[in-house]
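In the working numbering, the protein residues as written are 10 to 497.
Pasting the structure below:
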């Protein structure tokens, strides 16, 4: 009797040991899940991994190896290549492409059913039939049952979810291209500003000699007359003002260069030699008036992304309809269906089960899902129409800004011509002895200020053209080519 009790205790402890073993395995899995996840391998943006198609790939590949030459001077294109190569602003969109591609691979594998194995350990909690004559020979013993089953994927939902993931990959690529385009736009604007500031600094520095000469003039005049007037003080103060203005422009140029370094992913303390002497060539003779917004709208990434949203709406509608397909599973186990007799002393049979599971009444859940998907598609369609109208309005505003900047540039040019004539007249009068040096200095300063105003008006005009060029997708095409015509 004691031996029978020990045997019974062993049989009852065995399932508990198996359960503890499973819990321990789960504990180990949770510890592994807490480890640091592996990082994505570093990949070159020109490789196939990011999927950014470019038309001038050979030119970019030739430029990249020289980007880290310590003696290199970066022109506009070099800075663009450097930014695409290492800018932290483009990391998120580039990694998003990899994430969507992993999701696409996962969607492909969902076409196949997922086989699973069931492992069941069972034993009696009670032994009421121990004394029965017709009990099986293995009554009261621990039983181990192994079964297999696999759920068939919903074929309709799986197919359209696959199409959705293909569209999402292309949308991620377009989003990355759009981020690159914005970076190119910012770099081009920085180069134009640096060129203008360099010209402004040169003009301001040209005023320093005449200001110093004017201070010496008033010092000599007051020494001869033996007076101590305010003219010398004013001239000295004006010279200090000119020096501070030069210092301010220099600091503005440093700030612009620092912003360019940050955009390119370069440490602000690192030396980055920039050549902005040919920044005006960025515009490349661009004339937006020769283009039509209806023709340029299909070349933009926004149009591609919005078209993809509409197509995604179609796919999501089909995915919602796929909810009506019943769930199907196949099982292999020893569970006999009703009416299948198994003799008491016989051997258990294996059974193959095909299960079809579908609700008789879902209270409109699936229908509401289809209607919601339809409304989301309608939103995407109207957003495409709204964005197209907004693009035409932006095109008109860009044209108006260019026209306004042209008028301001002409006005600044006229004022500069007038100031130059007045300065020449003052020089002639000074040489003839009819005009004093302070008046000539004032005329020269007015001419330089008019030249600075002309440089600023020219910069405003170039930036307005650059914005129009970016809006027309001409600036991005130079490096990335045209976007894909079809999403799928």
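Just so you know, even glycine gets a beta-carbon here, dropped at the ideal spot from N, CA and C.
- Query: Span of the alpha helix (DSSP H) holding residue 472?
  - Reply: 446–480
Just confirm the distance between the C-beta atoms of residue 91 and residue 273, as a whole number of angstroms; I'd bet it's less than 8 Å. 5 Å
Using three-state DSSP, classify residue 490 as helix, strand or coil. coil
Label residue 131 either buried or exposed according to how many other C-beta atoms from any shown protein chain fall within 10 Å of its C-beta, with 16 as the threshold for buried. exposed
Is it the case that the Cβ atoms of residue 339 and residue 168 are separated by a distance below 9 Å? no
Three-state secondary structure (DSSP) of residue 123: strand
*Would you check if the distance between the CB atom of residue 8 and the CB atom of residue 241 is smaller than 9 Å?*
The structure shown does not extend to residue 8, since the chain is modelled only from 10 to 497, so the question has no answer here.
- Message: Measuring straight from C-alpha to C-alpha, what distance separates residue 115 and residue 108?
- Response: 11 Å
inquiry  = Closest to residue 271 by C-alpha separation, out of 96, 283, 161, would be which residue?
reply    = 96
Given this structure, state the Cα-to-Cα distance separating residue 304 from residue 481, to the nearest angstrom. 9 Å
Through-space distance from residue 221 to residue 229, alpha-carbon basis:
12 Å
Helix, strand or coil for residue 10? Go by DSSP, reduced to three states.
Caution applies to residue 10, whose pLDDT of 40 falls short of 50 and renders its modelled position unreliable; the value that the coordinates give is listed next. Coil, per DSSP.
- prompt: Among residues of its own chain, excluding the 5 on either side of residue 479, which ones have a beta-carbon nearer than 6 Å to its beta-carbon?
  reply: 194
- From residue 421 to residue 457, what does the alpha carbon distance come to, in whole angstroms? 12 Å
### Query
So, using beta-carbon positions, are residue 98 and residue 192 closer together than 9 Å?
yes
For residue 392, which residues from the same chain have a beta carbon less than 8 Å from its beta carbon, with the 5 sequence-adjacent residues on both sides left out? 315, 318
Query raised in the report: Hey, would you say residue 197 sits closer than 9 Å to residue 484, going by beta carbons?
Result: yes
query = Considering only C-alpha positions, which residue in the set 310, 249, 126 is nearest to residue 181?
reply = 310
Q | Three-state secondary structure (DSSP) of residue 143 | A | coil
Worksheet entry | residue 167: first and last residue of the uninterrupted alpha helix (DSSP H) it sits in | 164–214
Ignore the nearest five residues each way along the sequence and tell me which others in residue 425's own chain have a CB closer than 8 Å to its CB. 456, 459, 460, 462, 463
Q: Return helix, strand or coil for residue 322, following the three-state DSSP convention.
A: helix
Identify whether residue 43 lies in helix, strand or coil by the three-state DSSP scheme.
Bear in mind that the predicted position of residue 43 carries a pLDDT of just 38, short of 50, making it too unreliable to give a figure here.
Checklist entry - How is the alpha helix (DSSP H) around residue 85 delimited, first residue to last? => result 85–95
Using only alpha-carbon positions, find the residue among 255, 252, 282 that is nearest to residue 266. 282
| request: Provide the residue span of the beta strand (DSSP E) that contains residue 361, from first to last. | output: 360–366
Problem - Ordered list of alpha helix (DSSP H) runs contained in the segment 419–448, each at least 4 residues - result: none
By a C-beta neighbour count over all protein chains shown, 10 Å radius and 16 as the cutoff for buried, is residue 162 buried or exposed? buried
| said: So, for residue 362: in the same chain, excluding its five sequence neighbours on each side, which residues have a beta-carbon less than 6 Å away from its beta-carbon? | reply: 340
Item to complete: Can you check DSSP and say which residues form a bridge with residue 337?
Response: 161, 365
Measure the alpha-carbon distance for residue 343 versus residue 350 and round it to whole angstroms.
-> 12 Å
Checklist line | chain D contact for residue 392 (CB, 9 Å cutoff) | finding: Looking for chain D here will not work: only one protein chain is present.
* Three-state class that DSSP yields for residue 131 in the structure shown -> strand
- Query: How about residue 79 and residue 227: are their beta carbons less than 9 Å apart?
  - Reply: no
Please report how far the alpha carbon of residue 402 lies from the alpha carbon of residue 84, in whole angstroms. 33 Å
**Item:** Rounded C-alpha distance that separates residue 297 from residue 471
**Value:** 12 Å
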